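*Asks:* Residue numbers (our numbering): 9 to 184.
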């Protein structure tokens, strides 16, 4: 989670769900930035499975032509299947080239992201050390929140102790 105020407008008050983090870098998607874009053909067949709000989310500034789909499964997946691959708990990646009818019985909802957030080797660790990011546990409901505009404050508010106080920090800290 971005600490306020993060100077990069791409990440100010952003909540990022990490997909991969290893020695070669890190990849995640911003889960609290719905756009006005909806799924067009041929992906519009996924609309019935989309979690509200049913829009494509701005996943991050890297490869904005790439679409990434995350699905909330009805139960944790033990291994990758033809169309769903487990990430964490009941969160899996979904293959948007598949017929959504093939996964409909296994998922509660799907969220589609345009682009992603990416960091090179050691870059994210340096930003965390500098205080730009908070590393917090996620809940499946975060990724599929029906109120993404309030997600940053919601996640901060549920943290123990003084950290929860940040939820009430004004967008412009000079207004405090």
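Think of the CB as a built atom: it goes at the ideal place given N, C-alpha and C, for glycine as much as any other residue. Keep in mind the model is a prediction, meaning the values are calculated, not measured.
In or out: residue 160 buried (at least 16 other Cβ within 10 Å) or exposed?
*Replies:* By one-based count along the chain shown, residue 160 stands at place 152. With 16 or more other Cβ atoms within 10 Å, it is buried.
*Asks:* Look at residue 19 and residue 39 and say whether their C-beta atoms are less than 8 Å apart.
*Replies:* The sequence position of residue 19 within the chain shown is 11, counting from 1. The sequence position of residue 39 within the chain shown is 31, counting from 1. Going by C-beta atoms, residue 19 is not nearer than 8 Å to residue 39.
*Asks:* For the candidate residues 150, 43 and 120, whose alpha-carbon lies nearest to that of residue 24?
*Replies:* On the chain shown, residue 24 is found 16 positions in, with the first residue counted as 1. Checking every option, the nearest Cα to that of residue 24 belongs to 150.
*Asks:* Report the rounded CA-to-CA distance for residue 141 versus residue 121, giving the unit in angstroms.
*Replies:* Translated into positions along the chain shown, residue 141 becomes position 133. Translated into positions along the chain shown, residue 121 becomes position 113. Computed Cα separation, rounded: 21 Å.
*Asks:* Would you call the CB atoms of residue 53 and residue 80 closer than 8 Å?
*Replies:* Here residue 53 is taken as the residue at index 45 of the chain shown, counted from 1. Here residue 80 is taken as the residue at index 72 of the chain shown, counted from 1. No, the pair does not count as a contact, with Cβ atoms beyond the cut-off.
*Asks:* Is residue 126 closer than 8 Å to residue 67 when the C-beta atoms are compared?
*Replies:* Residue mapping note: residue 67 aligns to position 59 of the chain shown, counting from 1. Residue mapping note: residue 126 aligns to position 118 of the chain shown, counting from 1. Taking 8 Å as the Cβ cut-off, residue 67 and residue 126 do not qualify as a contacting pair.
*Asks:* Got a sec? Which residues, its chain only, sit under 7 Å from residue 72 by beta carbon, not counting five neighbours each side?
*Replies:* Here residue 72 corresponds to residue number 64 of the chain shown, with the count starting at 1. Same-chain partners within the cutoff: 122 and 123.
*Asks:* If you count every other CB in all the chains shown that lies within 10 Å of the CB of residue 99, and 16 or more means buried, which is it?
*Replies:* By one-based count along the chain shown, residue 99 stands at place 91. Buried, since its Cβ has 16 or more Cβ neighbours within 10 Å.
*Asks:* I'd like to know whether the C-beta atoms of residue 154 and residue 61 end up nearer to each other than 8 Å.
*Replies:* Locating residue 154 in the chain shown gives position 146, where the first residue counts as 1. Locating residue 61 in the chain shown gives position 53, where the first residue counts as 1. Closer than 8 Å, so yes.
*Asks:* Name the two residues that bound the continuous beta strand (DSSP E) containing residue 101.
*Replies:* Indexing the chain shown from 1 puts residue 101 at position 93. It spans 99-102 - the beta strand (DSSP E) in which residue 101 sits, taken as one unbroken run.
*Asks:* When you compare the CB positions of residue 118 and residue 59, do they come within less than 8 Å of one another, or not?
*Replies:* The residue you call residue 118 lines up with position 110 of the chain shown. The residue you call residue 59 lines up with position 51 of the chain shown. Result yes, Cβ atoms of residue 118 and residue 59 sit closer than 8 Å.
*Asks:* Which residues bound the alpha helix (DSSP H) around residue 160?
*Replies:* The sequence position of residue 160 within the chain shown is 152, counting from 1. Element bounds for residue 160: 159-165.
*Asks:* On the CB-based measure, 16 or more other CB atoms within 10 Å of its CB, does residue 22 come out buried or exposed?
*Replies:* Counted from its first residue, the chain shown places residue 22 at position 14. Buried.
*Asks:* In terms of residue numbering, what span does the alpha helix (DSSP H) encompassing residue 134 cover?
*Replies:* Here residue 134 refers to the residue found at position 126 of the chain shown. Note, residue 134: alpha helix (DSSP H), 131-137.
*Asks:* Rounding to the nearest angstrom, what Cα-Cα distance links residue 12 and residue 92 in this structure?
*Replies:* Mapped onto the chain shown, residue 12 falls at position 4. Mapped onto the chain shown, residue 92 falls at position 84. Roughly 35 Å separates the two Cα atoms.
*Asks:* Starting from residue 149 and walking both ways along the beta strand (DSSP E), at which residues does that stretch end?
*Replies:* What you label residue 149 is simply residue 141 of the chain shown in a count that begins at 1. Taken as a continuous stretch (DSSP letters only), residue 149 belongs to no beta strand (DSSP E), being part of the alpha helix (DSSP H) at 148-151.
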